[in-house]
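Student:
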Amino acid sequence: MRSHFRSLLCVFLFLFSLGSFPVQAQTRSIISNLANPAIGFNALFKAQVAPDLDQPYGIEFEEAEISLISTVDPYWTLAANLVFAPDGVDPEEVYATSSSIPGIGLKVGKIRGSFGKHGLLHTHAFPFIQAPVIMANTIGEEGFKDAGIEAAWLTPLPWFCELTLGGYHAVGPDTDHPLDFGSSNHDNIPYLGHLKNLFDVDDNTTLELGGSFLGGYGADGLHHSAYGADLTLRNVPLRQSNQQGWILQSELLARDSWNNDGSFASHDAIGWYASLQYRWSQVWWTGIRVEEAFNSFSDVMVSKDPATGLPNLDSNGNAIPVAGHVQCLSANIAWAASEFSMIRLEYSGARETPDDESGTVWDNRIMAQMNFTIGFHPPHAY
Amino acid sequence: MNPLIRTVAVCMWCLTAIPAFADLKVATSLSDLASVAEAVGGKHVSVVSLCRGYEDPHFVPAKPSLMKAIQDADVFVSVGLELDGGWLPLVLPGSRNPKIQAGAKGFVDASEGVNVLEKPTGTVSRAEGDVHPLGNPHYYLDPLNLKIVADHLAQVFSDLDPANASDYAAGAKNFDGKIDKSMVAWKKELKPYAGARIVTFHKNFNYFLERFDLKLFSTVEPKPGIPPNPRYLNETAESMQKAGVKVVLYQPYYDADAAKQLAQKAGGAAYEVPTEVNGVPEAKDVFAKFGFIVDTLSKALGGK
Chain A
43 MRSHFRSLLC VFLFLFSLGS FPVQAQTRSI ISNLANPAIG FNALFKAQVA PDLDQPYGIE
103 FEEAEISLIS TVDPYWTLAA NLVFAPDGVD PEEVYATSSS IPGIGLKVGK IRGSFGKHGL
163 LHTHAFPFIQ APVIMANTIG EEGFKDAGIE AAWLTPLPWF CELTLGGYHA VGPDTDHPLD
223 FGSSNHDNIP YLGHLKNLFD VDDNTTLELG GSFLGGYGAD GLHHSAYGAD LTLRNVPLRQ
283 SNQQGWILQS ELLARDSWNN DGSFASHDAI GWYASLQYRW SQVWWTGIRV EEAFNSFSDV
343 MVSKDPATGL PNLDSNGNAI PVAGHVQCLS ANIAWAASEF SMIRLEYSGA RETPDDESGT
403 VWDNRIMAQM NFTIGFHPPH AY
Chain B
1163 MNPLIRTVAV CMWCLTAIPA FADLKVATSL SDLASVAEAV GGKHVSVVSL CRGYEDPHFV
1223 PAKPSLMKAI QDADVFVSVG LELDGGWLPL VLPGSRNPKI QAGAKGFVDA SEGVNVLEKP
1283 TGTVSRAEGD VHPLGNPHYY LDPLNLKIVA DHLAQVFSDL DPANASDYAA GAKNFDGKID
1343 KSMVAWKKEL KPYAGARIVT FHKNFNYFLE RFDLKLFSTV EPKPGIPPNP RYLNETAESM
1403 QKAGVKVVLY QPYYDADAAK QLAQKAGGAA YEVPTEVNGV PEAKDVFAKF GFIVDTLSKA
1463 LGGK
C-alpha cells in the first residue's frame, strides 16, 4: 500500500513537472522555416481531337511541375524542377548557379543545355502546345537535359554577346532525346558551345542571333553532333509591355554522325520552323507556325505492309516508326486571364511522307490546353 | 602586326574600354531611385535606370541589354517589396557582376526603413489579384519616403567610396531640405481638396493619397493586375456618379481607353499622371514629378 502511494506520488510529481513548464517552451521550435525555398507548382491539362491518331479523345493530365529555388549561401543558388507526368517522375532540372565570378555565370547539376531557343523552354512555356517536330528528332522535344556543367561568359563587347561552353555526362538515346552520347570511353565527355548575340534595334525591338553545337561519342562508336542556328525579332512596346507585342522566331536544327576517322557517316535529321506570336491585349495572344523536317520521325509515320497497308508490328506488338518528310502548320489563340493561368486552343495540320515511299499520311489535330500556376514562379527568360 | 588585325584590335578597344568618369557607377530599377541617387551622389556618380518612367515597373521586359547595362555597375538600387520581382531575378544574375548581387555590398533594397502600407496580415491569396505579399511597393509616391531612400543611399555610397563621404552626406541633406521645402508648397496647393475622393487605375497612388489627405474611391482595374470588363466599368461609373467622384488618374503604361471610358460614364475626366520620373516629359526629376501630379490634381479637383 505504501509502495503504491509512493508510485502514485512519483507519477503525480512527474506529470506536475511536465505541466509546470512554460507554455512557450513547449511550442517554440529550434527549427525555423524562414529560410525555406520559394515553391511553385504548375499543372498542364490537355484535350485533343486527332482523327489520324489511334488515341482516345478526352481531357488528359499532361504534366505537373514543382519548382524550388533558394539561395544556398553567399556563393550559390540551388534550383530544382521536378516533373510529374503520367509515365513517371523526372527530376528534370536540379542545378546550382553562381554569379561570384566576374563576367561568368556558372551552372552545375542536371541542366537543360543552352542549345538554341525552343530547347530552353519548359513545357508550360512552349509558344505552341506541341514542340516543332525537328526538336524531338535532334536534341529532344524539351531540349537536351543531362548532368553537367556550363559556364556562360558575358563578353565585354558593346552589345549583349554571350558565349556558353558546357560539358556533360555520357548519356545514351532515350525517350527524352535521340542523341547517342552513350560511349563509355573515358574520352567521351559530351560538349556544347552556344553563342548568343542580342541587339537593341530600337527601344521596343530586339534582334537575337544565336548558334549552337552539341557533340559526343555514341555507344555505336560514331561521333554524333547537333547544330542549331536561331533568329528572333521581338517587339515589346515599352509603354504597353503588358498589352502589346510580337515575336518572330525561326530556328534551323540538324543532327548528323561522323566516323572515328573524321569522315562523314550520315545526315540523321534536319529541319526548321518559323513562328509569329502576336499579343492583341493584356489577355489575348495568337500565333502561327510553319515547319518542315526531313528524315524525321513523327506520331503517324509507321512501317506498313505494302500488300495489306496495315502497320508492321515489332515483337511487343507496337507499330514500327519510319522516318520521313514532315510539313506542318500550327495556329493557336490563347486567353491568359492573369499571369498565372492560360487556356489556349490550337490546330495543327501535318502532311507527312515516309522515306519508305509507303504513301503520304496526314496528322490533323485540334487541341486545348489549360495551364495553371500557384506559388512562386521564377520569371521566364526574355 | 598585320594592319587589319591592328585596326580590329583598336576598334575593339575603343568600343569596350568605357572610361569611368564617375567614382561610382550606380544602376537603379526605377527612375525615381535614379533621380534620388543623382541628387545624393552629384558629380561622383553616374546613374542609369533600367525601367523608363513610362514603363510599367511590374512588367519591364528582362532584355539582355539590361544585363549588359549593369555589367560594370558598382551599386544596384532595387525598389524592393517585389515590385521588380518579375524581371530583376533574371537581370541581376544575368549581369555576371558579383558586386551587385543580392547580399553583396553594392546591392541596395531601397525599401529598407520605409513604413510600408497594406502589408497583408493573413494569408495572401491571388483571388484578390496580383497582390504584393510584402505590402504596397509604390512607396516612392510619398515624397517623405524618398528622404529615407536618400539617407540610405548616402550611407551606401559613403561605405563604398569613403573619400567622398562628406559630399554624399551633404547631397542627402540638401535633398531632404529641398523635399521639406517643396512639401510645404505641395501641401498648400492640395489643402483645399483635403478628403476628396479619386479613382486611380491601380493601387499605386495610396502613399501619395495618404500623405496629402486624399482618399481612394476605387480603381479602374477590378483587382490588381486584372483588366476591367464592361460590367465592372459600368458599376464603378454608377457608384462614382452617386458619390460625386469625377477624377480618374492613369499612367502612360495603362489602358488609357478604359480610364477615359470610366471617367466619361461617370461624368468626370481622366488625367494622365506619372508614377515615376520621366513618365511624362515634364517629370524630369522627383520634384518635377510631384509638382506635375500636384498641379494636375489641383486643377482636376478644382474643376479647372
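Residue numbers (the working numbering), protein chains in the order written: chain A, 43 to 424; chain B, 1163 to 1466. Beta carbons are placed, not taken as given, at the ideal position from N, Cα and C, and that holds for glycine. In this text, all values refer to a predicted model and were calculated from it rather than measured experimentally.
(1) Apply the 10 Å Cβ neighbour rule to E492 (chain A) and answer buried if 16 or more other Cβ atoms are within range, or exposed otherwise.
(2) Using the DSSP secondary-structure output, state which residues sit across from V1209 (chain B) in a beta bridge.
(3) Check distances from the C-beta atoms of the segment 267-294 of chain A to those of chain B and list, in chain order, the residues that come in under 8 Å.
(4) Thinking C-alpha only, which one of A:A365, A:T350 and A:K346 is nearest D356 (chain A)?
(5) So, for C203 (chain A): in the same chain, excluding its five sequence neighbours on each side, which residues have a beta-carbon less than 6 Å away from its beta-carbon?
(6) DSSP state of T415 (chain A), grouped into three classes?
(7) Could you work out which residue in A:L290, A:P169 and A:G224 is closest to T247 (chain A) when comparing CA atoms only?
(8) Quick check on K1353 (chain B): buried or exposed, where buried means 16 or more other Cβ atoms within 10 Å of its Cβ?
(9) Let me confirm a value: E1290 (chain B) is counted as buried when at least 16 other C-beta atoms fall within 10 Å, else exposed. Which label applies?
(10) Report the three-state DSSP secondary structure of K1473 (chain B) (helix, strand or coil).
(11) Counting C-beta neighbours from all protein chains within 10 Å, is the total for P200 (chain A) 16 or more, i.e. buried, or is it exposed?
(12) Taking Cβ positions only, does P1251 (chain B) come closer than 7 Å to chain A?
(13) Per DSSP, what kind of secondary structure is N358 (chain A) in: helix, strand or coil?
(14) Look at the alpha carbon of R331 (chain A) and the alpha carbon of Y389 (chain A), and state the distance between them as a whole number of angstroms.
(15) If distances are taken between C-alpha atoms only, which option among A:N230, A:G147 and A:G287 comes closest to W322 (chain A)?
(16) With a threshold of 7 Å on Cβ separation, who are the neighbours of D341 (chain A) within its own chain once the five nearest residues in sequence on each side are excluded?
(17) For E1351 (chain B), which three-state DSSP category applies?
(18) I'd like to know whether the C-beta atoms of T328 (chain A) and Y315 (chain A) end up nearer to each other than 7 Å.
(19) For T113 (chain A), which beta-bridge partners are listed by DSSP?
(20) Would V1439 (chain B) pass as a contact of L1424 (chain B) if the rule is Cβ separation under 7 Å?
(21) Does L240 (chain A) have its Cβ less than 7 Å from a Cβ in chain B?
(22) Quick one: measure Cβ to Cβ for S338 (chain A) and V368 (chain A), integer angstroms, because I've assumed they're closer than 8 Å.
(23) Please identify the residue among B:L1245, B:P1282 and B:L1254 whose C-alpha is closest to the C-alpha of A1272 (chain B).
(24) Compile a chain-ordered list of the residues in the segment 411-424 of chain A whose CB is closer than 7 Å to at least one CB of chain B.
(25) Would a check of beta-carbon distances place G1248 (chain B) closer than 7 Å to chain A?
(26) Give the DSSP-derived three-state secondary structure of G1203 (chain B) in the structure shown.
(27) Anything in the segment 1259-1280 of chain B with a Cβ closer than 9 Å to a Cβ of chain A? List those residues in chain order, please.
(28) Please compile the residues from chain B whose C-beta is within a distance smaller than 9 Å of the C-beta of T139 (chain A).
(29) Can you look up Y259 (chain A) in the DSSP assignment and give me helix, strand or coil?
(30) Determine, using beta carbons only, whether D1218 (chain B) comes closer than 7 Å to chain A.
(31) When DSSP labels each residue in this structure, what does S372 (chain A) get in the three-state scheme?
(32) Using beta carbons (cut-off 7 Å, strictly below), is Q319 (chain A) in contact with chain B?
(33) Taking L234 (chain A) as the reference, which of A:S308, A:A194, A:W377 and A:T113 has the closest Cα?
(34) Report the rounded CA-to-CA distance for G1256 (chain B) versus M1229 (chain B), giving the unit in angstroms.
(35) To the nearest angstrom, how far is it from the Cα of D398 (chain A) to the Cα of Q411 (chain A)?
(36) Are the CB atoms of H166 (chain A) and N84 (chain A) nearer to each other than 7 Å?
Tutor: If we stick to the structure as given:
(1) Since the first residue of chain A shown is 43 and the last is 424, residue 492 (chain A) is not available in this structure.
(2) Locating residue 1209 (chain B) in the second sequence gives position 47, where the first residue counts as 1. DSSP output for V1209 (chain B) lists B:V1188 as bridge partner(s).
(3) V278, L280, R281, Q282, S283, N284 and Q285
(4) Looking up residue 356 (chain A) in the first sequence gives position 314. Of the listed residues, the one whose Cα sits closest to D356 (chain A) is A:K346.
(5) The residue you call residue 203 (chain A) lines up with position 161 of the first sequence. If we look at C203 (chain A) and ignore the five residues flanking it on each side, its Cβ neighbours are T197 and N239.
(6) The residue labelled residue 415 (chain A) in the question sits at position 373 within the first sequence. Three-state DSSP puts T415 (chain A) in a strand.
(7) Walking along the first sequence from the start, residue 247 (chain A) turns up at place 205. For T247 (chain A), the nearest C-alpha among the options comes from A:L290.
(8) Residue 1353 (chain B) sits at position 191 when you count from the first residue of the second sequence. K1353 (chain B) should be labelled exposed.
(9) What you label residue 1290 (chain B) is simply residue 128 of the second sequence in a count that begins at 1. With fewer than 16 Cβ atoms within 10 Å of its Cβ, E1290 (chain B) is classed as exposed.
(10) Past the boundaries of the shown model lies residue 1473 (chain B); chain B is included only from 1163 to 1466, so the question cannot be answered.
(11) Along the first sequence, read from residue 1 onward, the residue named residue 200 (chain A) stands at position 158. P200 (chain A) is exposed by the Cβ-count criterion.
(12) Here residue 1251 (chain B) corresponds to residue number 89 of the second sequence, with the count starting at 1. Judged by the 7 Å Cβ criterion, P1251 (chain B) is in contact with chain A.
(13) Reading the first sequence from its first residue, position 316 is the one you call residue 358 (chain A). Correct three-state label for N358 (chain A): coil.
(14) For this step, residue 331 (chain A) is matched to residue 289 along the first sequence. For this step, residue 389 (chain A) is matched to residue 347 along the first sequence. Approximately 10 Å between the Cα atoms of the pair.
(15) Translated into positions along the first sequence, residue 322 (chain A) becomes position 280. Among A:N230, A:G147 and A:G287, the Cα nearest to that of W322 (chain A) is on A:G287.
(16) For the purposes of this step, residue 341 (chain A) is taken as residue 299 along the first sequence, with counting starting at 1. The residues are L95 and D405.
(17) Taking the second sequence and counting its residues from 1, the one referred to as residue 1351 (chain B) is at position 189. Residue state, collapsed to three classes: helix.
(18) For this step, residue 328 (chain A) is matched to residue 286 along the first sequence. For this step, residue 315 (chain A) is matched to residue 273 along the first sequence. No, the pair does not count as a contact, with Cβ atoms beyond the cut-off.
(19) Looking up residue 113 (chain A) in the first sequence gives position 71. Its beta-bridge partners are A:T119.
(20) Your numbering for residue 1439 (chain B) matches position 277 in the second sequence. Your numbering for residue 1424 (chain B) matches position 262 in the second sequence. Contact: no.
(21) To locate residue 240 (chain A), count along the first sequence from 1; it is residue 198. Cβ-Cβ to chain B under 7 Å: yes for L240 (chain A).
(22) Along the first sequence, read from residue 1 onward, the residue named residue 338 (chain A) stands at position 296. Along the first sequence, read from residue 1 onward, the residue named residue 368 (chain A) stands at position 326. Contact annotation, S338 (chain A) with V368 (chain A): C-beta distance approximately 6 Å; criterion of less than 8 Å satisfied.
(23) Translated into the one-based positions of the second sequence, residue 1272 (chain B) becomes position 110. Between A1272 (chain B) and the set B:L1245, B:P1282 and B:L1254, the nearest pair of CA atoms involves B:L1245.
(24) P420, P421, A423 and Y424
(25) Start at 1 with the first residue of the second sequence, and residue 1248 (chain B) comes out as number 86. For G1248 (chain B), the nearest CB of chain A lies under 7 Å from its own CB, placing it at the interface with that chain.
(26) As a working note, residue 1203 (chain B) is residue 41 in the second sequence. Helix at G1203 (chain B).
(27) Listed in sequence order: N1259, P1260, K1261, Q1263, A1264, G1265 and A1266.
(28) Counted from its first residue, the first sequence places residue 139 (chain A) at position 97. Per Cβ cutoff of 9 Å: P1255.
(29) The sequence position of residue 259 (chain A) within the first sequence is 217, counting from 1. Looking at Y259 (chain A) - three-state DSSP - the assignment turns out to be strand.
(30) Reading the second sequence from its first residue, position 56 is the one you call residue 1218 (chain B). Answer yes: the Cβ-Cβ gap between D1218 (chain B) and chain A drops below 7 Å somewhere.
(31) Position 330 of the first sequence, counting from 1, holds the residue named residue 372 (chain A). Note: S372 (chain A) maps to strand in three-state DSSP.
(32) In the first sequence, counting from the first residue as 1, residue 319 (chain A) sits at position 277. Answer no: the Cβ-Cβ gap between Q319 (chain A) and chain B never drops below 7 Å.
(33) Mapped onto the first sequence, residue 234 (chain A) falls at position 192. Out of A:S308, A:A194, A:W377 and A:T113, A:A194 has the C-alpha closest to the C-alpha of L234 (chain A).
(34) Position 94 of the second sequence holds residue 1256 (chain B). Position 67 of the second sequence holds residue 1229 (chain B). Each residue's Cα considered, the two are about 5 Å apart.
(35) Mapped onto the first sequence, residue 398 (chain A) falls at position 356. Mapped onto the first sequence, residue 411 (chain A) falls at position 369. For D398 (chain A) and Q411 (chain A), the distance between alpha carbons rounds to 34 Å.
(36) Residue numbering aside, residue 166 (chain A) sits at position 124 when the first sequence is read from its first letter. Residue numbering aside, residue 84 (chain A) sits at position 42 when the first sequence is read from its first letter. Cβ atoms of H166 (chain A) and N84 (chain A): closer than 7 Å.
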